[in-house]
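Visitor: If you're matching positions, the sequence shown starts at 1 in the UniProt record's numbering and goes up one per residue.
Before anything else, here's the structure in question.
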Amino acid sequence: MYEHRTTDPTPEPPAALGTIPGQRQPRDVRIGDFVCLDGLYLRVRDMRSTDTTGHRVLIFDGHSPWVMKEPTTTHRPVELL
């Protein structure tokens, strides 16, 4: 049977309660923010800067590090605002 494929991006899962979404530059991300990767919201445990000033390496528990190169929607817990 023919399967119709869409080019629509996969919708993000619901964010954690008590967080506020925001479009943030790599330099504005904080430890404790949540980032959606592989269909899951992962909490930033640590981060490193790269030689390129506009990039950050985000470190999570149970997931490989990820290089944030462009503005991304992150969810910040209300207590960190």
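Even for Gly, the Cβ is constructed at its ideal location relative to N, Cα and C.
Computed from a predicted model, the values in this text were never measured in an experiment.
What first and last residue would you give for the beta strand (DSSP E) that runs through Ile59?
Guide: Numbered from its first residue, the sequence shown carries residue 59 at position 59. It spans 56-60 - the beta strand (DSSP E) in which Ile59 sits, taken as one unbroken run.
Visitor: Can you give the Cα-Cα distance for Cys36 and His55, rounded to whole angstroms?
Guide: Position 36 of the sequence shown, counting from 1, holds the residue named residue 36. Position 55 of the sequence shown, counting from 1, holds the residue named residue 55. Rounded to whole angstroms, Cys36 to His55 spans 17 Å at the Cα level.
Visitor: If I'm right that Ala15 touches His75 with Cβ under 8 Å, what's the distance once you round it to whole angstroms?
Guide: For the purposes of this step, residue 15 is taken as residue 15 along the sequence shown, with counting starting at 1. For the purposes of this step, residue 75 is taken as residue 75 along the sequence shown, with counting starting at 1. Ala15 to His75, Cβ: 4 Å. Contact.
Visitor: Identify, in the order they occur along the chain, each residue of the same chain with its Cβ nearer than 8 Å to the Cβ of Met47, setting aside the five sequence neighbours on each side.
Guide: Against the sequence shown, residue 47 aligns to sequence position 47. Closer than 8 Å at Cβ, skipping near neighbours: Val29, Ile31, Arg56, Val57, Leu58, Ile59.
Visitor: Thr50: which of Leu40, Pro26, Pro71, Thr72 sits nearest, CA to CA?
Guide: On the sequence shown, position 50 is the one that residue 50 refers to. Closest option to Thr50, Cα to Cα, is Pro26.
Visitor: Could you pull out every residue in the same chain whose Cβ sits closer than 6 Å to the Cβ of Gln23, ignoring the five residues on either side in sequence?
Guide: Residue 23 sits at position 23 when you count from the first residue of the sequence shown. Same-chain partners within the cutoff: Pro71, Thr73.
Visitor: Just verifying my parser: in three-state terms, what is the DSSP assignment at Val35?
Guide: By 1-based counting over the sequence shown, the position of residue 35 is 35. In the structure shown, Val35 sits in a strand (DSSP, three-state: E or B).
Visitor: Where do the N-terminal and C-terminal ends of the beta strand (DSSP E) with Asp28 fall, by residue?
Guide: Position 28 of the sequence shown, counting from 1, holds the residue named residue 28. Counting along the chain, Asp28 falls outside any beta strand (DSSP E), and DSSP gives it neither H nor E.
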